[in-house]
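S.K.: In the numbering used here, the protein residues as written are 141 to 418.
Cβ coordinates follow ideal geometry from the N, Cα and C atoms, glycine included.
Following this message is one structure expressed as structure tokens.
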């Protein structure tokens, strides 16, 4: 019927139930593609890009990770991309057998969060089945099925700069620690940090009319023309947290153009940050 009775000892509960027909039917229809992924590889695709997923509901097509295949110089890659319009993250691995010709899909943010909790065991392979409307992950005894976001992910390639010729190489941990320290002066975490980049050094500065100012100087490998550029402090820290190498590589153009950030230990992963006015 439409009610359920639960009894335990002297307690009894009568709970109203919803009609069985209201439960979404996710198993209907077939999956067009099926492939197996190493859980470590899948975790990397998720964790390196998840932070850049947009939370702005009006642009719903940015509320997830875009998973698709891409031909990189004759080698097929499986790529994950996320962007919120201010920053972009891209990771890739060699495309597994069975993923050829798969549709580009947008996996919702909530599904990504649940999936991340399930791929902790490095010894378990993940079977992925997908169509253009839904996706199913089988991880050990757990099966996670989700609808996909029905939308078109923008042409992200257009925002990845290709002509940035000013190269900055800096120690990742020292840089992240310095950004963290100087940004404590700002009233909001999103306040811009100004980077003054010159021969062999970077000076980070934050000015807050209410609480003061902070500067810190770091040694760096840089030999191009001097440049001043501002970034959201939180965005810099988010990117730094994903890098695994000891050094980060920034490719810059000018104060008003997007900057490209590479992990020196993983050239297949890249990040794009839009600058802030300082």
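1) Please go through the region 195 to 240 and give each complete beta strand (DSSP E) segment of 3 or more residues, from N-terminal end onward.
2) Reducing DSSP to helix, strand and coil, say where residue 289 ends up.
3) Taking only the alpha-carbon atoms, compute the straight-line gap between residue 227 and residue 297 and give it to the nearest angstrom.
4) Residue 301: which of 346, 322, 397, 388 sits nearest, CA to CA?
5) Please report the straight-line C-alpha distance between residue 378 and residue 191, rounded to a whole angstrom.
6) If you draw a straight line from the C-alpha of residue 307 to the C-alpha of residue 198, how long is it?
7) Are there 16 or more other CB atoms within 10 angstroms of the CB of residue 349, so buried, or fewer, so exposed?
8) Could you say which of 279, 353, 388 lies nearest to residue 314 if we only look at CA atoms?
9) Using only CA atoms, which one of 170, 323, 310, 214 lies nearest to residue 285?
10) Rounded C-beta distance between residue 233 and residue 288? I'm assuming under 8 Å.
11) Helix, strand or coil for residue 165? Go by DSSP, reduced to three states.
12) For residue 369, which beta-bridge partners are listed by DSSP?
13) Measuring CA to CA, which of 145, 418, 400, 409 is closest to residue 384?
14) Does the contact criterion of 3 or more C-beta pairs under 8 Å hold for the region 154 to 161 versus the region 177 to 185?
15) Is it the case that the Cβ atoms of residue 352 and residue 415 are separated by a distance below 7 Å?
16) Quick one: give me the first and last residue of the beta strand (DSSP E) that residue 176 is part of.
17) Is the beta carbon of residue 279 closer than 7 Å to that of residue 264?
18) Would residue 338 and residue 201 qualify as a contact pair, given that the criterion is a beta-carbon distance under 7 Å?
M.R.: Once the coordinates are examined:
1) 204 to 212, 215 to 223, 227 to 234
2) coil
3) 13 Å
4) 397
5) 7 Å
6) 36 Å
7) exposed
8) 388
9) 170
10) That pair is no contact at about 20 Å.
11) coil
12) 335
13) 409
14) no
15) no
16) 173 to 178
17) yes
18) no
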